[in-house]
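In order, the protein sequence lines correspond to chains A and B.
Residue numbering for the first sequence follows the working numbering, starting at 1 and increasing by one per position.
Residue numbering for the second sequence follows the working numbering, starting at 469 and increasing by one per position.
Yeah, the Cβ is synthetic: ideal placement off N, Cα and C, and Gly gets one too.
As the structure is a computational prediction, the values presented were derived from the model and not from experiment.
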Amino acid sequence: MFDEMSGSGDAIRSPYARIADWIDAVGVERLQQRSAEAEAIFRRIGITFAVYGEGGDPERLIPFDLVPRVFSALEWQHLDRGIRQRARALNAFLYDVYHRGEIMKAGIVPEHLVYRNAAFVPAMVGVEPPGRVYSHIVGIDIVRTGESSFQVLEDNCRTPSGVSYMLENREIMMRMFPDLFAGGGVQPVDGYADELLRTLKEVAPPACKGEPNIVVLTPGSFNSAYYEHSFLADLMGVPLVEAGDLFVDEGRVWMRTTRGPSLVDVIYRRIDDDYIDPLAFRPESLLGVPGLFDVYRSGGVTLCSAPGAGVADDKAIYVFVPEMIRFYLGETPILENVPTWRCALGDECAHVLDNLEDVVVKEVHGSGGYGMLIGPKATAEERTAYAERIRKSPSEFIAQPTLDLSTVPSLGPDGVGPRHVDLRPYCLVGSQMRLVPGGLTRVALRQGSLVVNSSQGGGVKDTWVLAS
Amino acid sequence: MTERLLLSRTAADLYWLARYVERADSTARLIEMGSRMAMIPGRRSTQEWRSVAAAAGCLDRFEDPDGITEAAIVRTLILDNENPSSIRACLERARANGRSVRTALTIQLWEVLNDGWRKLELMDPTEALRDLSGVLDWVKLRGSAIRGASTSTMLRDDNYVFLGLGGYVERADMTLRLLDVKSYVLLPEMDVVGGGRDHHQWTSVLHATGAVRTYHHLYHADYSPWNIADFLILSSKFPRSAAFSYAKILRCLELLSETHNGEEHACHRTARDMVVRLKALKMGEIFRDGLSEFVRGSISTTQRLNSEIYEAYHF
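This is the structure we're talking about:
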């Protein structure tokens, strides 16, 4: 097991020197007090995720762990290169999917995985998005298993969430523990919103003359990530709109304001493809902006991310990303994938079924940590039942070895102890690529647990990249 | 620098946010008046509660309008979330509106709206009944805190103006509806019919607007229906009077006209007519033509004004 503070032995690794001293100096009891304070601040500001219709508190907090997670400048350099490389390859793949389909013709990615994928949008074929960018915000989930081994667990090409926690976690830490940041040892992340705004401006549609008008499109205040939508709109100083605020007229998109209609050029949408435009996608849906997709196709507005971008972040496609990097960029992948067995393939499926007690099985289209089987933690009955599901529709599942995720010291009821973590950085893709040094660290707060999802008892941490 | 555009939905949400807060506040004052009247010996408390329910526009929510008890008032006007005019519903809706226009609010205003929003949800009727005045004080404090946070932290832009507009429209409406329910006690002929001045009845109206002492500062005289009606309708100094509220409504609409290329709409005309009329009118004319008719006419003008605002700003 690799602990990021103490490595595999007892000596403190150098990036954590300051954190180790800090924990000793403040003491566990005081840390626990301050932790309650931090929670009160989050609650008061309203940094919550909404869970309506389940009873209990409808707006919950994601537990915030006070002990930061740290990367050295050198470690980050490696991650930074790997993340940018992957984001480029994913966008190249999406362009290919909706144009000539070379990678399928070359026999590298099976056609049916793409063209019969639920996230594939046939109407996008031949569409030329500004800058050929499909996924403008690429969230890449990374795990660490050793001193220098980082692997990608998952890609998120649609609308990865969580960046507001990256920003707020830092704000809270700086407010509560200013001494930790004295001397400028930690690279700032607060430029994210400005970088996002620049990215969105760079992909203005052909019809836009002059300064582009940008909006954030949210499903509304009942959406679980609503806080983040309003937070980002606020930081960028752009309107936060709902579908009902927009309409299409004369080949352009407009928003309803107290002064009448006003043009919209770029939409950072935080709603799914299915709900963008009832005319193009879901005729029975009352959500969305009728006619929006046509305007998009004819270059009257830019949607970020592009419809159909999700075809690149499917778990069945994920397996091929290292191949994409070689195919489109002619480079060696800097960040490798976690080894993955595709149950769709007979011999791989047999291997998975034979080794269920050692592997993690995931649904191909699942997300949020739901519907997984964690072999070593499951009971024999659970494994038998799950094996039955795999046999019934093998192509719906993939499996990965149970990873020995790195741990980071975290505050528990019994003091500071190691907890497993992952990392989600957010790579921005416009005419340039931008990556803020940091990301969202999710932590499995239950000792020994490997599930970091907030829906399953996970928490978050401030993530540091050291200046040198 | 260009003026920031305001979404119509945001404007409508702000307008209603302020209306809900004002309504919660006014309803708390109405209930205070009711419980005060119910304590006076020899009076039928159900009669008082009936007028409270009527002024709150919720009479149809009570099964037996002539047998309304304090407990029923607490349930229906304070805690019942199904009743859109209950204090709990108003405060929760105000917060929900604030949440859906987060970017239009300052952090301080949001924090005040967010503070304790689930208090009434978690309160049971017995508890609320036992500490009724504590609960009502808390509600009035919410109103003051929310208004205070918006006055002291919001930019003076259209967002702020729509908040103000909603607040004053609701205030004008609540004061007029209180007068509608209570107008019979203010009629001069009551002096004769009732055989002696009914101080309690008159002061109850002042209590319902939280203005007993303010009244004295202004009139330096004993209670008289004439003065009380003057105070609630025509006073340019009392911040809950119809005249004061309408002057503020007109001011808000004029500010909107400035940021909307000088455009004026039907709502501007309606508000201006009302302001001019309230300035020119004397109490004697109102009593001569019928207080009740005047109040009812003003209520329907306010309703019309509301829909004209909807039309003008594309709500």
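Chain-ordered chain A contacts of residue i [CB-CB under 8 angstroms]
i	result
H728/B	T258 and R259
S620/B	Within chain A, no residue comes near S620/B; the closest Cβ sits about 18 angstroms away, beyond 8 angstroms.
Y781/B	T258
A564/B	S221
Residue interval of the alpha helix (DSSP H) (run including residue i)
i	result
D155/A	Looking at the DSSP string, D155/A is not in any alpha helix (DSSP H); the run it does join, the beta strand (DSSP E), is S149 to N156.
I777/B	L759 to A780
T574/B	Neither: T574/B is in no alpha helix (DSSP H) and is coded neither H nor E.
D404/A	Counting along the chain, D404/A falls outside any alpha helix (DSSP H), and DSSP gives it neither H nor E.
V109/A	Looking at the DSSP string, V109/A is not in any alpha helix (DSSP H), and its letter there is neither H nor E.
T621/B	L600 to T621
E388/A	A380 to K392
Beta-carbon spacing of residue i, residue j below 9 angstroms
i	j	result
N551/B	L559/B	no
D470/A	T145/A	Missing from the structure shown is residue 470/A; chain A here goes from 1 to 468 and no further.
T571/B	P212/A	no
E490/B	G634/B	yes
V421/A	K461/A	yes
L644/B	T495/B	no
A524/B	P593/B	no
A89/A	L329/A	yes
R326/A	P333/A	yes
V629/B	L773/B	no
R477/B	G244/A	yes
L724/B	D626/B	yes
D481/B	N549/B	no
I47/A	L61/A	yes
R419/A	Q447/A	yes
S406/A	V143/A	yes
Q187/A	A467/A	yes
I267/A	L303/A	yes
Contacts that residue i makes with chain A (C-beta to C-beta distance below 9 angstroms)
i	result
N582/B	R43, R44, I45 and G46
L473/B	N213, P239, M255, T257, T258, R259 and S262
R477/B	V241, E242, G244, D245 and R256
Amino acids of chain B, ordered along the chain, whose beta-carbon sits closer than 9 angstroms to that of residue i
i	result
L287/A	Ordered by position in chain B, no residue passes the 9 angstroms Cβ test against L287/A, which lies about 15 angstroms from the chain.
S230/A	R567, S568, V569, R570 and T571
Terminal residues of the beta strand (DSSP E) in which residue i lies
i	result
H420/A	G415 to R424
M433/A	M433 to L435
Y268/A	V266 to R269
F64/A	F64 to F71
E363/A	V359 to E363
A444/A	L440 to A444
P409/A	T407 to G412
F532/A	Any question about residue 532/A goes unanswered here, given that chain A covers just 1 to 468.
Under 8 angstroms from the C-beta of residue i: neighbouring residues of chain B
i	result
D234/A	R570 and T571
Chain A contact residues for residue i, given Cβ-Cβ distances below 7 angstroms
i	result
E428/B	Lying before the first or after the last residue shown, residue 428/B is absent from chain B, which here runs from 469 to 783.
D626/B	T258
R567/B	S221
Sheet register partners of residue i (DSSP bridge)
i	result
G458/A	A444/A
L475/B	T257/A
I374/A	V360/A
C427/A	V138/A and L435/A
V465/A	F71/A
What are the complete alpha helix (DSSP H) segments, minimum 4 residues, inside the stretch 671-699 of chain B?
680-687
Runs of alpha helix (DSSP H) lying entirely within the stretch 322-356 of chain A, each at least 4 residues, in chain order
346-354
Quick one: which unbroken alpha helix (DSSP H) runs of 4-plus residues sit fully inside the stretch 115-191 of chain A? Chain order, please.
163-176 and 178-181
Mind listing, in chain order, the continuous beta strand (DSSP E) runs of no fewer than 3 residues lying wholly within the stretch 211-238 of chain A?
214-217
With a floor of 4 residues, list each alpha helix (DSSP H) that falls wholly inside the stretch 235-323 of chain A, ordered by position along the chain.
292-297 and 315-318
Counting only runs of 4+ residues fully inside the stretch 726-762 of chain B, write out the alpha helix (DSSP H) ranges in chain order.
Taking only runs of at least 4 residues, the alpha helix (DSSP H) segments lying wholly in the stretch 726-762 of chain B are 734-748 and 751-757.
What are the complete alpha helix (DSSP H) segments, minimum 4 residues, inside the stretch 479-560 of chain B?
513-523 and 538-541
Identify every run of the alpha helix (DSSP H) within the stretch 1-27 of chain A, keeping only runs that are complete inside it and at least 4 residues long; order them along the chain.
Complete alpha helix (DSSP H) runs here, min 4: 17-26.
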